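Comments concern the structure below.
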Amino acid sequence: MDRREMLTRVFEPHPASPGVTRYTNAVLRNQNNEAVKFYDDLIRGKQCVVNFMYAECHGSCPAVTQTLKTIYRQLKDRMGRDLFFYSMTIKPDEDTPAALKHYAESRNVDLPGWYFLTGDPYDLETIRFRLFGMDHPGFDSDLTLHTSYLRIINDARNSWGMAQAFATNANILRRIAWQDPPKSYAERVIESRARQAVIEQEVKKYGYRRDSMS
Amino acid sequence: MTTTTFGRNEITVHLHNGHHGSESDGFAGDFFGTGFWKDNLYPNCYAGLDAFGGNGDPREKMGSFWFHDHRAEFTLNNNVLGLNGMYIVYDETDPGHEAPAANSLQLPGYYGVTDFPLELVDHRFCPTANGRTELVNAAGGDKFIVNGMIQPSMTVRRRKYRFRILNTGPTQTYDLTLIKPDGSVGTITVIATDANFLEHPIPIDAGANAGNSNSTTAPIVPGGLRVSVAERYDIIIDFAQFKSGDKLYLKENRTMFVGNPSPDPLPSGLNIGNVLMQFKVVNTEPWFPADTPPIPATLCTYPPLPATDNTWEWQFVLVGGRFRVKRPFDTVGCTFDPDHSAHCMLQGTTEEWLLNNNIASGWTHPVHIHFEEFRTLKRFVNGVEVPVPPLMSGRKDVSRLEAGQGALIKMQFRDYSGRYLIHCHNMAHEDNFMMVRWDIVPDQASLDACIANQQICELEMKAKELFREEVA
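For the protein sequence lines, the chains are A and B, in the order given. Mapping of the first sequence onto this note's numbering: residues 1 to 214, in sequence order. Mapping of the second sequence onto this note's numbering: residues 1 to 472, in sequence order.
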């Protein structure tokens with residue numbers, strides 16, 4: 001499978017994906033006031049980055065939104081095709097679809113593949129706990145701490161990972177890449193050969209494997 | 001069952017704490033998926049190859065290693081699902097048998113006969129109070145498991161046995177005591193900490209040797225042996241003092257739910273929920289190896305420590321819900337970045353590192369440093385120096401920092417160069433990025449390059465990136 005095919009292909013969920021039992025199929029509304037089902041429409045077979053925010057936040061959310069905007073630019077070929085951003089509100093009572101639309105437009109982030117989601121508070125709380133909870137009430141429940149982490153999900157691989165929202169952009173990009181769709185054997189062999197060539201070059205030049213300056 | 005505990009079929013194998021090259025170290029970012037393989041080279045040598053040649057400095061001997069998956073973000077999940085095991089190395093002083101031999105200490109040493117690993121892990125079977133059913137959560141498991149069994153029973157003969165205790169986590173700390181048939185605390189003799197022989201064996205019990213116990217902060221357990229995640233303690237228990245038919249118990253301080261009463265009457269004061277495992281004493285049969293001589297008073301001699309070339313500090317902090325490792329000049333701290341090192345040093349140097357958990361987070365951080373063993377020079381509680389506890393006086397590779405504690409350690413960086421890690425071995429913290437990379441480099445030019453490309457503390461970097469973004 002080449003890169004182009006990968007970008008246009010609709011992936012099937014992984015056979016072992018827990019589907020709605022983990023992610024729930026809650027009906028949410030995006031900033032365009034469209035009803036979407038969380039698993040069927042947003043997660044199923046897709047790769048996505050989920051964070052929690054609220055529109056009136058003046059703490060860390062604006063910085064996180066700005067970070068995601070930068071990441072979006074770097075990955076814009078994939079955005080809306082097989083990679084999505086979901087910014088979910090933790091204050092659904094305040095954040096109506098219209099409020100989220102205003103938030104997205106005012107920050108120039110009303111972009112394809114980036115959804116701001118609101119819905120029933122119980123549903124959002126359940127999703128937040130399912131994605132971020134390790135039975136740890138601290139993660140994202142406290143309004144002042146709610147943007148600690150980005151959850152990166154790839155349902156086609158049945159895998160997920162995490163990035164700290166305040167890590168460097170390169171670090172976040174790498175963690176998104178760690179959840180990329182499976183590459184073909186041939187593609188991986190080519191990548192490994194290229195990496196080995198770099199290692200050999202470095203060993204020749206410096207006497208040891210540096211691996212760092214990528 | 002709704003669960004977030006799924007493994008990740010990508011692995012990187014870390015031999016904890018082998019002295020070997022960086023490429024074989026199981027670096028957290030070096031994972032690979034199905035269809036690929038990797039050869040790790042474990043020379044099983046002593047440290048000091050360059051200075052001593054051959055197999056290194058025999059005074060740096062190690063025994064009870066373990067290996068485990070180190071996949072960034074999924075170390076906990078993959079370890080809970082079983083990707084770990086013990087890796088035991090023998091040499092002439094500890095030859096893996098009990099027959100008299102040159103230089104042999106003649107410790108109990110027939111593996112599987114008189115020498116057993118005890119791997120502790122806790123799993124969750126029943127929901128927590130708030131209905132959570134994950135195997136992985138901050139409350140830990142609800143069942144304590146020894147070598148894959150809940151409350152196993154072991155038949156032991158009236159002689160000495162060696163147990164290699166390993167806590168594979170993923171998050172909880174154990175306080176172990178040996179309960180004698182009369183309900184009192186028995187003596188266990190620690191001979192090795194984190195795979196390194198102590199210079200002199202340390203007996204622990206609730207009586208004369210209570211001062212050697214390391215369960216001295218809350219919860220205080222008289223005569224307890226505290227084992228945090230990834231720590232290993234090789235202990236010897238002498239069952240010769242008991243009579244056939246006696247039953248002894250290894251007790252854990254926390255209580256698990258056990259639905260049935262004990263099949264055997266328990267010693268007074270012991271609750272079935274605290275029983276980790278049972279020892280049934282029988283007479284030694286003629287075919288069973290006879291008892292070994294008494295434990296030698298001196299097990300080994302440590303080499304003197306070289307002069308210090310540099311000092312450094314790592315703080316393990318929880319800032320705004322984020323686990324981070326902080327360097328002296330950082331304001332907030334660093335998360336795990338596989339591409340940049342947070343600290344660089346020249347090969348062949350010696351550094352003193354201050355490990356600090358002085359932020360009042362309430363967490364225990366068992367700090368693990370890859371590559372080589374360290375010696376603890378000083379210990380601190382809330383910034384005040386305290387005597388180094390006996391069980392931390394030996395060489396170790398995990399320094400347990402309870403809330404408010406700190407340690408000044410000394411470590412050599414020799415024989416190999418490359419990238420290694422320092423991290424909190426509470427696997428939930430490690431997977432939440434309480435881990436940084438450090439590099440050993442072979443020459444000054446590499447050191448300059450390494451420092452120039454050093455990891456920049458996240459928040460300052462973020463501010464720069466955001467500023468650039470605004471300007472653009």
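Ideal Cβ positions, reconstructed from N, Cα and C, are used throughout, including at glycine. These numbers were taken from a predicted model, which means no experiment stands behind them.
Does the Cβ of E60(B) have 16 or more other Cβ atoms within 10 Å, making it buried, or fewer, making it exposed?
-> buried
So, is Y122(A) buried or exposed, given that buried needs 16 or more other C-beta atoms within 10 angstroms?
-> It counts as exposed.
Own chain, CB closer than 6 Å to P201(B), minus 5 neighbours either side, in chain order = T189, I191 and I295
Alpha carbon to alpha carbon, how far is P222(B) from T187(B)?
-> Roughly 12 Å between the two C-alpha positions.
Measure the CB-CB distance between T171(B) and M435(B) and report whether it falls below 8 Å.
-> no
Keeping to the same chain, check which residues put their C-beta closer than 6 Å to that of P15(A); ignore five residues upstream and five downstream.
-> none
Identify the continuous alpha helix (DSSP H) that holds H19(B) and give its terminal residues.
-> Per DSSP, H19(B) belongs to no alpha helix (DSSP H) and is neither H nor E.
Could you have a look at G138(A) and say whether DSSP puts it in helix, strand or coil?
-> A caution first: G138(A) carries a pLDDT of 45, below 50, which makes its placement in the model unreliable, though a value can still be read off. DSSP, read as helix, strand or coil, puts G138(A) in coil.
Can you name the start and end residues of the alpha helix (DSSP H) that P97(A) belongs to?
-> P97 to S106
Could I get the ranges of all uninterrupted beta strand (DSSP E) runs contained in the region 101 to 161 of chain B, with 3 residues as the minimum, in chain order?
-> 115 to 123, 143 to 146 and 153 to 157
Evaluate contact between the region 377 to 395 of chain B and the region 272 to 288 of chain B, counting only Cβ atoms and requiring at least three cross-stretch pairs below 8 Å.
-> no
Residue environment, K205(A), which counts as buried when at least 16 other CB atoms sit within 10 Å | exposed
Answer yes if the region 196 to 203 of chain A comes into contact with the region 100 to 115 of chain A, meaning at least three C-beta pairs across the two stretches below 8 Å, and no otherwise.
-> no
Whose Cβ in chain B lies nearer than 9 Å to the Cβ of N30(A)?
-> Result: empty, since nearest Cβ-Cβ is about 25 Å, beyond 9 Å.
How far does the alpha helix (DSSP H) with H429(B) in it reach, from first residue to last?
-> M427 to D431
Continuous beta strand (DSSP E) stretch holding N154(A): start and end | Residues Y149 to N154.
Round the Cβ separation of T335(B) and F433(B) to the nearest angstrom and send it over; I've been treating them as touching at under 8 Å.
-> 4 Å
Straight-line Cα distance separating M79(A) from T350(B) = 49 Å
Inter-stretch contact at 8 Å, needing at least 3 Cβ pairs: the region 182 to 198 of chain A / the region 39 to 54 of chain A = no
By how many angstroms is the C-alpha of L198(B) removed from the C-alpha of G224(B)?
-> 18 Å
Buried or exposed: where does H58(A) fall if 16 or more other Cβ atoms within 10 Å of its Cβ makes it buried?
-> exposed
Taking G35(B) as the query, report the chain A residues whose CB atoms sit under 7 Å from its CB, ordered along the chain.
-> Those within 7 Å of G35(B) in chain A are Y185.
Give the straight-line distance between the Cα atoms of D140(A) and K326(B), rounded to the nearest whole angstrom.
-> Model confidence at D140(A) stands at a pLDDT of 49, short of 50, so the residue's coordinates are unreliable; what they give is reported in the following sentence. D140(A) and K326(B): Cα-Cα distance of roughly 22 Å.
Alpha-carbon to alpha-carbon, L391(B) and T376(B) = 10 Å
K46(A) and F85(A) closer than 8 Å at C-beta | no
Determine, using beta carbons only, whether D246(B) comes closer than 8 Å to chain A.
-> no
Using a C-beta to C-beta distance shorter than 9 Å, which residues of chain A count as neighbours of D122(B)?
-> In chain order: nothing, as chain A lies at least about 13 Å away.
Are L346(B) and E313(B) close, meaning C-beta to C-beta below 8 Å?
-> no
So is S17(A) buried or exposed if we call it buried at 16+ other beta carbons inside 10 Å?
-> Counting Cβ neighbours within 10 Å, S17(A) comes out buried, since at least 16 surround it.
Contact set for F144(B): own chain, Cβ-Cβ below 6 Å, skip 5 residues either direction = D122, E252, M256 and L276
For G183(B), the nearest candidate out of L299(B), F36(B), S341(B) and P265(B) (CA to CA) = Ranking the options by Cα distance to G183(B), first place goes to P265(B).
Give me the Cβ distance between N17(B) and E373(B), rounded to the nearest whole Å; I'm assuming they're in contact under 8 Å.
-> 7 Å
Listing by chain order, which chain B residues have their CB less than 8 Å from the CB of T65(A)?
-> Those do not exist, as T65(A) stays about 11 Å from chain B at its closest Cβ, beyond 8 Å.
Under a CB-based cut-off of 8 Å, is N171(A) close to chain B?
-> yes
Using three-state DSSP, classify A472(B) as helix, strand or coil.
-> Any reading at A472(B) needs caution, since the residue's pLDDT is 47, under 50, leaving its predicted position unreliable; the model's value is listed next. Per DSSP, reduced to three states, the secondary structure at A472(B) is coil, with no helix or strand assignment.
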